[in-house]
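First up is the structure itself, then whatever we jot down about it.
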Amino acid sequence: MLPGAVQHQPHRALPNLRRVVRRRLLRRHRSILSTVGASGKPGAVQIVAKLDRLSRSVAFLSALLESGADFVAADNPHANKLMVHLLAAFAEHERDQISARTKAALAAAKARGAVLGNPRLDDARGHAAEALKDGADQRAANVLPLIRDIQATGASTLTAVAAALNARGVKTARGGDWYASTVRNVLLRVC
Numbered sequence: 504m505l506p507g508a509v510q511h512q513p514h515r516a517l518p519n520l521r522r523v524v525r526r527r528l529l530r531r532h533r534s535i536l537s538t539v540g541a542s543g544k545p546g547a548v549q550i551v552a553k554l555d556r557l558s559r560s561v562a563f564l565s566a567l568l569e570s571g572a573d574f575v576a577a578d579n580p581h582a583n584k585l586m587v588h589l590l591a592a593f594a595e596h597e598r599d600q601i602s603a604r605t606k607a608a609l610a611a612a613k614a615r616g617a618v619l620g621n622p623r624l625d626d627a628r629g630h631a632a633e634a635l636k637d638g639a640d641q642r643a644a645n646v647l648p649l650i651r652d653i654q655a656t657g658a659s660t661l662t663a664v665a666a667a668l669n670a671r672g673v674k675t676a677r678g679g680d681w682y683a684s685t686v687r688n689v690l691l692r693v694c
């Protein structure tokens, strides 16, 4: 059901609806749009392996075509706008059919009594947590000699050690900068 204002004056709601849809599409597919338009060279054409790999959404491909981004699908290099819209419509229909078949198959398997998902999920979580802990221990053991070397040069506070690690260009396990708390966590893990 449409909101009251839209029901009474549909001609005024259409431009608003287009703006809202375009904003949602851009938000949802910003990474693809930035990739397609990221060459920076005027007149550059992006090549896509298959059109349905770019998107299975008619609305997105339509917005992409309207944005002026030039792209060519390698599986159909001579496709014009009409053909792209038709292929996108078929791809979207195929996506919906795949979804319906998958949901039906999962429901049938569940009705047969099959256990869906990983039946040993707790074991897998335990192994994953152990692997993360081992990796963190290894990283801390690798950084500890640097910390000890910095402390031997006269850095007495955790902040000074963190500043020295940052000055040497050493990154944390996640690629970030060092802080007093990260140095403390390494020392607590190893010592």
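Be aware that the sequence shown starts at 504, since it is given in the working numbering, and climbs by one per residue.
Think of the CB as a built atom: it goes at the ideal place given N, C-alpha and C, for glycine as much as any other residue.
Using only CA atoms, which one of D626, D637 and V686 lies nearest to I653? In the sequence shown, counting from the first residue as 1, residue 653 sits at position 150. Cα-wise, what sits closest to I653 is V686.
CB contact flag (V548, L564, <9 Å): Numbered from 1 along the sequence shown, position 45 holds the residue referred to as residue 548. Numbered from 1 along the sequence shown, position 61 holds the residue referred to as residue 564. It is not a contact, given that the beta carbons lie outside the stated cut-off.
Where the alpha helix (DSSP H) through V673 begins and ends: Translated into the one-based positions of the sequence shown, residue 673 becomes position 170. Counting along the chain, V673 falls outside any alpha helix (DSSP H), and DSSP gives it neither H nor E.
Please work out which residues of its chain come closer than 6 Å, Cβ to Cβ, to R692, disregarding the five sequence neighbours upstream and downstream, and give them in chain order. Your numbering for residue 692 matches position 189 in the sequence shown. Same-chain partners within the cutoff: A643.
Using 8 Å as the cut-off, can you tell me whether the segment 553–573 makes contact with the segment 591–603, which would need three or more C-beta pairs spanning the two stretches below that distance? yes
Quick one: what does DSSP say A617 is sitting in, helix, strand or coil? The residue you call residue 617 lines up with position 114 of the sequence shown. In this structure, A617 counts as coil in the three-state DSSP scheme.
Touching by the beta-carbon criterion (3+ pairs, under 8 Å), the segment 645–663 and the segment 609–621: no
Own chain partners of Q500 with C-beta closer than 6 Å, once the 5 adjacent residues on each side are dropped: The chain is shown from 504 up to 694; residue 500 falls before or after that span and cannot be answered.
Just to confirm my understanding: we take L668, look at its own chain, exclude 5 residues before and 5 after, and list those with CB closer than 6 Å. What are they? Here residue 668 corresponds to residue number 165 of the sequence shown, with the count starting at 1. If we look at L668 and ignore the five residues flanking it on each side, its Cβ neighbours are W681.
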